[in-house]
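One structure is given below, encoded as structure tokens.
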Amino acid sequence: QQKQVKLQLAWLFNGAAAGEIVALKKGFFAEKGLDVEILPGGPNSNTVQETLSGVAQIATAYAPEIMYAANQGLPIKTFGAAFQKAPLTFYSLGESNIKSVADWKGKRIGASQGATAQIKVVLDHNGMKLDDITFIQAQIPGLLQGQVDVVASWPTNVAQNVPIVQNPAGYNTQSIWDNGLQFQSNYYIARTDLIGSDSDMLVKFLEACDKGWAYAADHPEEAIDMVASMSSAIEKDKELASLKVIVSDFIYTDETREHGFANISKDRWNATLQTYAKIGEIKPELTADDVFDGSILAAAQRTKR
Amino acid sequence: MSVDRSIETAAPLPRIWSILPGPEVMRALGMAVLGLSLTLVLWQLVVTLFGVPSYLVPAPTDVAGALSRDLPLLVEAAVPTITEAFLGFLLGNTVALLVAVSFVYNKVIEEMFYPVAILVKTIPIVAIAPVLKIILGNGIEPKIVIAALICFFPTLVNSVRGFRAVNPQLLELMHVLSASKTEVFLRIRIYSALPYIFSALKISVTMCVLGAIVGEWIGANQGIGYLLLQSMFDFNAPRLFATILTASVIAITGFAIVSMLEKWVIRWDPGAAM
Amino acid sequence: MSVDRSIETAAPLPRIWSILPGPEVMRALGMAVLGLSLTLVLWQLVVTLFGVPSYLVPAPTDVAGALSRDLPLLVEAAVPTITEAFLGFLLGNTVALLVAVSFVYNKVIEEMFYPVAILVKTIPIVAIAPVLKIILGNGIEPKIVIAALICFFPTLVNSVRGFRAVNPQLLELMHVLSASKTEVFLRIRIYSALPYIFSALKISVTMCVLGAIVGEWIGANQGIGYLLLQSMFDFNAPRLFATILTASVIAITGFAIVSMLEKWVIRWDPGAAM
Amino acid sequence: MMATIAASGATRSGDAHSGDVRLSQARNAIEIDNVAVTFGGSSRAVRAIDNVSLTVREGEFVSLIGHSGCGKSTLLRTIADIIAPTEGKVAIFGGTPAAARASRTFSMVFQQSVLMPWAKVIDNVRLPFEVGGANPKAGNFMDPHEALKLVELEGFEDALPSELSGGMRQRVSIARALVTRPKVLLMDEPFGALDELVRDTLNVELLRIWKQSGMTIVFVTHSLHEAVFLSQRVVVMSRRPSRIGGILEIDLPEERDLALKDAPELGHHVARLRDMLGAG
Amino acid sequence: MMATIAASGATRSGDAHSGDVRLSQARNAIEIDNVAVTFGGSSRAVRAIDNVSLTVREGEFVSLIGHSGCGKSTLLRTIADIIAPTEGKVAIFGGTPAAARASRTFSMVFQQSVLMPWAKVIDNVRLPFEVGGANPKAGNFMDPHEALKLVELEGFEDALPSELSGGMRQRVSIARALVTRPKVLLMDEPFGALDELVRDTLNVELLRIWKQSGMTIVFVTHSLHEAVFLSQRVVVMSRRPSRIGGILEIDLPEERDLALKDAPELGHHVARLRDMLGAG
Ligand SMILES: Nc1ncnc2c1ncn2[C@@H]1O[C@H](COP(=O)(O)OP(=O)(O)OP(=O)(O)O)[C@@H](O)[C@H]1O
Ligand SMILES: Nc1ncnc2c1ncn2[C@@H]1O[C@H](COP(=O)(O)OP(=O)(O)OP(=O)(O)O)[C@@H](O)[C@H]1O
Ligand SMILES: Cc1ncc(C[n+]2csc(CCO)c2C)c(N)n1
Ligand SMILES: [Mg+2]
Ligand SMILES: [Mg+2]
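Top line first, the protein sequences correspond to chains A, B, C, D and E. Quick note on numbering: the first sequence equals residues 150 to 454 in the working numbering. Quick note on numbering: the second sequence equals residues 5 to 278 in the working numbering. Quick note on numbering: the third sequence equals residues 5 to 278 in the working numbering. Quick note on numbering: the fourth sequence equals residues 411 to 690 in the working numbering. Quick note on numbering: the fifth sequence equals residues 411 to 690 in the working numbering.
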């Protein structure tokens with residue numbers, strides 16, 4: 150008897166969910182007795198609310214929204230993090246010669262509205278304030294058209310970054326990871342009560358995802374074919390490039406080599422929460438226990454690579 | 005100052021109504037193609053002259069390339085979106101008409117619930133998307149409801165207006181005949197409202213396409229909305245614009261169908277009183 | 005079957021038109037408050053009975069708390085949004101009326117460019133947000149343009165319809181008087197179209213508020229749209245709903261103003277022919 | 411003024427309360443008691459009619475004449491329960507006009523033809539069959555085609571109103587009023603848009619229907635000849651605010667044919683009415 | 411059929427080509443040459459008028475009579491350039507109707523009052539001053555208040571059309587037609603909704619204006635008395651498809667007053683017309 154589970158993704162089916170899709174397509178979930186349905190997300194999707202309200206038992210989510218949810222006392226927790234590092238990186242064109250966050254002073258920094266807090270933390274880390282820069286909501290075209298000097302993007306989204314990467318004068322980057330904000334990404338979240346009551350299912354889920362990502366890492370072309378079978382508009386060549394970056398730089402890091410797939414440490418969460426508390430985004434009394442339950446990671450057999 | 009010759013419509017030429025593509029329809033089609041072509045030429049000119057980069061706005065030629073390359077993809081994506089839009093159109097307009105009828109039947113209901121309708125209209129979809137997903141699941145239903153929500157309001161406003169824009173002398177006649185409110189509705193108000201209702205349907209037929217697209221943004225792996233997001237994410241501007249064009253073709257087709265229906269239904273002169 | 009008593013409007017009671025709040029306006033206001041209150045009660049009941057969690061849909065009492073707590077914030081946020089919505093309303097409707105006039109002047113223009121108008125209408129804002137930002141910068145302008153884009157279409161469709169819904173006998177009269185097209189427009193078509201135009205304005209006055217909000221989503225650090233996003237981000241559902249309510253109040257107020265203007269402008273019976 | 415007229419020859423006071431034994435033998439079809447109507451217009455309040463009292467017996471044919479704008483239509487619309495009188499009251503067969511309306515006791519022909527522009531001629535005529543709970547009574551009704559034949563419009567069943575001439579539209583309205591075989595017929599200048607020949611035909615036809623059916627007819631006209639030719643009594647309304655200026659009893663033989671139209675007796679009555687109108 | 415009538419007494423053929431020396435002394439105001447109009451309706455094509463030729467001299471007063479629906483309005487609308495004839499052509503003072511229209515050579519009074527419901531009475535009357543490039547010629551025009559006085563509507567300047575009775579609306583239309591002092595006046599049953607007294611007054615007034623101004627008037631009416639009283643010639647139209655059934659020359663004195671309305675000479679002409687109508 151298969152156990153029915155729904156996984157709500159934060160975004161459309163693409164390379165960032167390759168491991169989960171492979172686990173589904175290769176039957177890794179089924180092997181564990183799970184009948185998983187993966188639901189695509191989108192800009193009008195809110196996975197924290199959807200998990201809370203039972204649209205899905207498990208979802209992927211990003212660090213900021215998890216912290217804000219915890220700040221409101223909402224009963225969800227992370228039990229793993231597919232991306233070991235949050236990829237958010239600030240790009241500038243070579244012409245503008247912005248080599249470090251210190252060079253941001255007086256510059257126009259473009260990002261989505263939601264990235265304001267991250268920028269604040271990065272600035273804070275470099276002894277600056279939001280007033281020292283001009284924040285503009287902008288995307289890559291804004292950088293290329295000279296509306297901003299720096300723009301936030303994810304290096305994993307290879308297709309998006311093509312115009313920057315191909316800039317004749319080169320480009321410079323500052324990632325949040327290297328600039329004082331070390332949180333992870335594509336966290337697996339579930340309701341707190343579910344983590345308590347059905348840890349067995351979550352463990353099996355995590356083990357299947359682990360297997361899926363490992364398979365995707367070893368067979369990227371096949372993985373992308375599987376993604377494309379669920380997402381007809383995927384451009385396989387671009388997505389393959391993305392997947393390779395995702396696997397090599399974000400799924401598998403030193404930390405997974407040591408602790409295994411999807412690892413989260415309390416210390417990292419505590420540090421992250423502190424940076425957000427410091428700039429007043431969340432209550433200072435929040436701790437890793439409010440956002441993280443380590444029992445699933447501890448119980449799961451995880452690949453170390 | 006040129007003299008108004010629009011009076012020519014009163015000239016005694018035989019008019020042929022038909023919903024089958026007659027010469028009139030072919031002409032309209034030709035004109036539409038001409039208008040769109042002109043727009044494309046202008047667009048191409050602007051893109052070329054000002055050197056607009058293709059990641060921002062691709063040239064029509066690029067879009068044409070994407071169109072021909074991705075045609076199967078676009079057609080495949082159009083199917084669910086058309087379904088959602090059509091069902092949303094039916095649902096939204098039916099509800100709007102029913103609410104409008106209740107408003108016109110009872111002024112108190114109108115005064116009480118018109119503001120509520122506006123309130124519902126001002127709720128951004130993103131704010132209630134999770135609620136819709138819980139109640140309606142992940143299938144086609146929430147998309148239909150979003151399309152319906154989006155096209156509900158124009159039809160409500162127009163049909164309330166239309167149901168009231170009745171020749172007062174006809175109301176007097178019906179009064180003398182002791183017609184019930186329902187009879188006045190079925191025999192007089194509906195006809196008086198038809199020009200308004202068709203006008204509203206023309207608005208909502210385009211809105212419901214947009215509604216279905218926005219609906220797909222709460223989570224989908226098919227449909228025009230999905231394709232739009234994926235193309236945006238991939239920075240595939242030609243495909244993005246080809247997708248937008250596909251949405252437009254759906255909307256324009258819907259508009260044309262409603263227009264033909266209108267011609268077919270309203271055969272009297274809506275400005276005339278007899 | 006109750007008999008239609010709507011004929012009572014033909015009874016010889018003195019009607020007082022006024023845009024100042026008279027007893028009629030006060031009554032309408034009271035009814036609106038009643039209707040909204042009823043909705044709130046229902047909402048509270050549903051939330052309480054079904055145990056709807058407050059992160060999804062907060063109870064009206066929670067929202068009321070947020071409203072009173074955040075009132076200064078909400079008022080402050082309302083100012084830029086109202087400005088954008090109002091200017092967008094002016095811009096969108098002016099352009100729509102001008103285009104409608106050109107359509108009615110020249111059938112060929114209509115046949116060629118109605119499809120183009122639909123195309124423009126079906127472009128999702130997010131898809132052209134980067135272009136808008138580059139052309140219009142990051143100030144209030146792109147928000148105004150988005151609000152205008154969103155309310156353009158209903159007014160276009162309704163006024164094209166309205167300009168054509170003219171009593172054919174009046175057209176004959178103007179023809180005999182050799183009136184130019186412009187004169188027919190200014191003296192006949194505008195009046196015939198007014199009921200349609202006001203209906204469209206009622207639709208677009210609510211749409212332009214939503215348009216300004218969506219405009220703020222592509223880049224703003226103030227306004228209702230900003231507050232909405234921020235509240236959503238923070239999972240502050242009570243504040244989110246308080247913000248939506250604020251948007252509704254703006255829209256309802258706009259709607260009420262347009263309705264009063266309509267009463268004040270259209271003093272004749274729009275269904276009547278003399 | 412009213413006194414002047416009442417004193418003169420064949421006229422008598424319009425005051426229904428001054429009971430006339432000869433007239434009160436039949437039932438009263440319509441009793442108008444001290445009715446006044448005031449309109450509140452955009453510019454000023456207009457008292458259209460004032461202090462009008464009139465009793466119409468069952469089976470009587472009464473015409474209303476008066477200057478344009480004096481309030482004839484207003485009075486007829488008050489009887490038909492379209493306008494609520496500002497003062498006074500109206501009774502139809504002792505009941506309210508609303509009850510009479512509901513029971514299809516009367517039909518009304520409006521001054522301007524009021525047709526549904528979207529409906530075929532035959533559907534316009536059929537309308538009274540199809541609304542107001544008329545179906546149960548429909549057994550008594552006239553065949554719509556027959557009604558159209560009465561007004562000489564056979565062959566136009568399927569035309570739209572916009573395809574008809576002014577007079578043809580007016581005749582469709584008349585057919586619609588006749589089709590229910592009402593006990594009371596209220597007609598507001600029904601033949602105003604018709605040529606004399608059709609008008610003559612319809613006059614004779616109307617008299618025939620009236621005789622045959624025992625209908626009560628209140629007939630507004632601006633043709634004095636027509637009023638005299640058709641009516642048993644002609645009510646002359648004075649200028650605004652309109653009262654009843656006088657009533658002329660038409661003591662012509664019951665059997666009337668077209669020859670009468672040119673007869674000197676009729677001319678005499680017409681001249682009387684013209685005097686009364688001039689005095690009003 | 412036309413031959414029968416042409417042979418009889420005072421009538422003559424309506425064929426404008428059979429030039430009559432007596433009539434051709436004045437300029438021709440209106441020449442209608444073999445005009446036919448066919449309507450393509452929703453159900454069938456209707457030939458409303460067929461083969462109509464008629465010449466109206468400058469300064470002439472011609473009435474059109476004929477059965478309801480025979481095509482009188484259609485003919486008038488063809489002259490006024492509202493309907494393009496399916497066959498044949500119309501000339502006004504030798505030019506096209508369109509040119510005549512543009513130069514304000516004619517005014518038209520429609521069968522149904524056509525008023526702007528949103529405009530005050532005075533603004534409705536003033537309309538011809540304000541459109542069609544009329545301003546330069548306005549010096550010649552009548553004061554709108556004077557025009558309203560002519561139709562006995564002083565005091566109603568600021569009323570809306572919905573506040574007027576049917577006859578009052580009709581009179582506003584007449585005032586609007588007169589206000590431009592046109593050389594040709596086309597009137598489609600203008601007095602149809604008026605009581606006889608007002609109608610008599612306006613008849614006399616119209617004759618006075620006609621005499622004084624040297625206007626050419628084409629007048630559609632369904633009152634044979636009115637046609638005879640007003641006109642120099644009465645054109646009788648036959649049944650649909652309508653042709654000119656005959657023309658009656660009215661050899662009454664130029665000076666006509668109300669007394670004539672009851673005179674036997676007039677009655678004689680009316681009887682003639684009735685015969686012609688019956689034959690048509
Ligand atoms: N728009 C139209 N479409 C079809 N048929 C029409 C149209 N207008 C008029 N007719 C037909 O043309 C004929 C002549 O109409 P017209 O209005 O000229 O008559 P008329 O002589 O003025 O009648 P009346 O005295 O009743 O006003 C009628 O039979 C009518 O049915
Ligand atoms: N809705 C209204 N508002 C204001 N005044 C009105 C209204 N209806 C009628 N009147 C006025 O009431 C008076 C009587 O109008 P009514 O229509 O009864 O006249 P009538 O005798 O039928 O005239 P006619 O013979 O011209 O039809 C007129 O002076 C008119 O101006
Ligand atoms: C500049 C930039 N900002 C935010 C996101 C967030 N986002 C949008 S879609 C998506 C899913 C990626 O697989 C994510 C994380 C991004 N990608 N790039
Ligand atoms: Mg009247
Ligand atoms: Mg006519």
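Where a beta carbon is used, it is the ideal one built from N, C-alpha and C, also for glycine. Computed from a predicted model, the values in this text were never measured in an experiment.
Item: For B/Arg191 versus B/Phe167, is the C-beta spacing smaller than 8 Å?; Value: no
Item: Please state if the CB of C/Val105 and the CB of C/Phe189 are separated by a distance shorter than 8 Å.; Value: yes
Item: Would the beta-carbon of E/Met647 fall within 8 Å of that of E/Arg591?; Value: no
Item: Would you verify that the beta carbon of E/Asp533 is, or is not, closer than 8 Å to some beta carbon of chain D?; Value: no
Item: So which residues of chain A does B/Tyr195 contact, with C-beta pairs closer than 9 Å?; Value: Those do not exist, as B/Tyr195 stays about 40 Å from chain A at its closest Cβ, beyond 9 Å.
Item: Identify each residue in the stretch 176 to 210 of chain A for which the Cβ-Cβ distance to at least one residue of chain C is less than 9 Å, and report them in chain order.; Value: Pro192, Asn195, Val197, Gln198, Leu201 and Ser202
Item: Which residue spans inside the stretch 486 to 526 of chain D form an unbroken alpha helix (DSSP H) run of at least 4?; Value: 507 to 512
Item: Does the CB of D/Ser483 have a neighbour CB from chain E at under 8 Å?; Value: yes
Item: Determine whether the Cβ of E/Arg609 lies closer than 8 Å to any Cβ atom of chain D.; Value: yes
Item: Run down chain E in chain order and give the residues with a C-beta less than 7 Å from the C-beta of D/Asp605.; Value: Ile475, Gly476, His477, Ser478 and His632
Item: Which class does D/Asp661 belong to by DSSP, given the choice of helix, strand or coil?; Value: coil
Item: Can you give me the Cβ contacts of D/Thr611 inside the same chain, cut-off strictly under 8 Å, excluding the 5 residues immediately before and after it?; Value: Glu562
Item: Answer yes or no: does any C-beta atom of chain B fall closer than 8 Å to that of D/Phe503?; Value: no
Item: How is the alpha helix (DSSP H) around B/Ile148 delimited, first residue to last?; Value: Glu145 to Arg168
Item: Taking A/Met375 as part of the alpha helix (DSSP H), name the residues at either end of that continuous run.; Value: Pro369 to Met379
Item: Give me the Cα-Cα distance between A/Lys387 and A/Asn306, rounded to the nearest whole angstrom.; Value: 9 Å
Item: Quick check on E/Lys559: does DSSP put it in helix, strand or coil?; Value: helix
Item: Determine, using beta-carbon pairs with one atom in the stretch 457 to 472 of chain E and one in the stretch 482 to 495 of chain E, whether at least three such pairs fall under 8 Å.; Value: yes
Item: Are A/Thr200 and A/Pro304 closer than 8 Å when you measure CB to CB?; Value: no
Item: Please classify D/Val589: does DSSP put it in a helix, a strand, or coil?; Value: coil
Item: By how many angstroms is the C-alpha of A/Ala287 removed from the C-alpha of A/Gln262?; Value: 9 Å
Item: Tell me which same chain residues have a C-beta within less than 8 Å of the C-beta of A/Ser348, skipping the five on either side of it?; Value: Ser444, Ile445 and Ala448
Item: Give me the DSSP bridge partner(s) of A/Ile187.; Value: A/Leu156
Item: Decide if D/Ala669 is buried, meaning its Cβ has at least 16 other Cβ atoms within 10 Å, or exposed.; Value: exposed
Item: Would you mind sorting C/Pro158 into buried or exposed? The rule is 16 or more other CB atoms within 10 Å of its CB.; Value: buried
Item: State the Cα-Cα distance for the pair A/Lys248 and A/Pro236, rounded to the nearest angstrom.; Value: 18 Å
Item: Hey, which residues come within less than 5 Å of ligand 4, measuring from Cβ to any heavy atom, in chain order?; Value: D/Ser483, D/Gln521, E/Ser575 and E/Gly576
Item: Taking C-beta pairs closer than 7 Å, name the residues in chain D that E/Gly602 reaches, listed in chain order.; Value: Gly602 and Ala603
Item: Looking at chain A, which residues of the stretch 127 to 158 of chain B have a Cβ within less than 7 Å of any of its Cβ atoms?; Value: Ile129, Val130, Ala133, Pro134, Lys137, Ile138 and Asn142
Item: Could you tell me the alpha carbon to alpha carbon distance between A/Gln294 and B/Gln226, rounded to whole angstroms?; Value: 32 Å
Item: Output the distance between the C-alpha atoms of B/Thr85 and B/Glu176, rounded to the nearest integer angstrom.; Value: 47 Å
Item: Would B/Asn110 be called buried (16 or more neighbouring beta carbons within 10 Å of its own) or exposed?; Value: exposed
Item: DSSP beta-bridge partners for E/Arg467?; Value: E/Asn438
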